[in-house]
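Residue numbers (our numbering): 7 to 161.
Below is one structure, written out as structure tokens; the observations come after it.
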């Protein structure tokens, strides 16, 4: 994550850049960063609640929050569960269709269920976060939004 500013004709244009490990990125305003932080915190709290424990003998049952499940994308897993996504439209780098999504996901194997907060930047591969990692990312977004709202950085 980084703050960017571009000065042109006496005006400063500022935004927050959220960069995925694959280098795909999303450009956000402070308000969009706060929306994304709210979604990350909410998913982190759900991750903490462990509606169903990580290790369960009935791993074939869907979690209560599951809105979609399919054969696992991970060869080590038997089933992949996904909750409803929180979608935050962002300002760029493409002018339309750019978005960041956050959702709670679970990966089932024969032995356990692993919960993740999945963060997807512009339809790239999801980054799998734990609840604490999701909240740390949210804190960094909120700090960046506060910095962007600082009068010295305003557009």
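Just so you know, even glycine gets a beta-carbon here, dropped at the ideal spot from N, CA and C.
Does residue i come out as helix, strand or coil in the three-state DSSP assignment?
| i | result |
| --- | --- |
| residue 149 | helix |
| residue 143 | helix |
| residue 51 | helix |
| residue 134 | strand |
Less than 8 Å between C-beta atoms, sequence neighbours within five positions excluded: which residues of the same chain meet that for residue i?
| i | result |
| --- | --- |
| residue 141 | 46, 47 and 50 |
| residue 146 | 7 |
| residue 97 | 21, 33, 34, 35, 38 and 104 |
Going by DSSP, which residues form a beta bridge with residue i?
| i | result |
| --- | --- |
| residue 32 | 24 |
| residue 106 | 94 and 127 |
In whole angstroms, what is the alpha-carbon distance linking residue i and residue j?
| i | j | result |
| --- | --- | --- |
| residue 154 | residue 118 | 42 Å |
| residue 36 | residue 91 | 21 Å |
| residue 104 | residue 123 | 20 Å |
| residue 149 | residue 13 | 22 Å |
| residue 71 | residue 15 | 50 Å |
Excluding the five sequence neighbours on either side, which residues of its own chain have a C-beta within less than 6 Å of the C-beta of residue i, listed in chain order?
| i | result |
| --- | --- |
| residue 30 | 127, 128 and 130 |
For residue i, I'd like the list of residues in its chain whose CB is within less than 7 Å of its CB, leaving aside the five on either flank, ordered along the chain.
| i | result |
| --- | --- |
| residue 135 | 122, 123, 125 and 143 |
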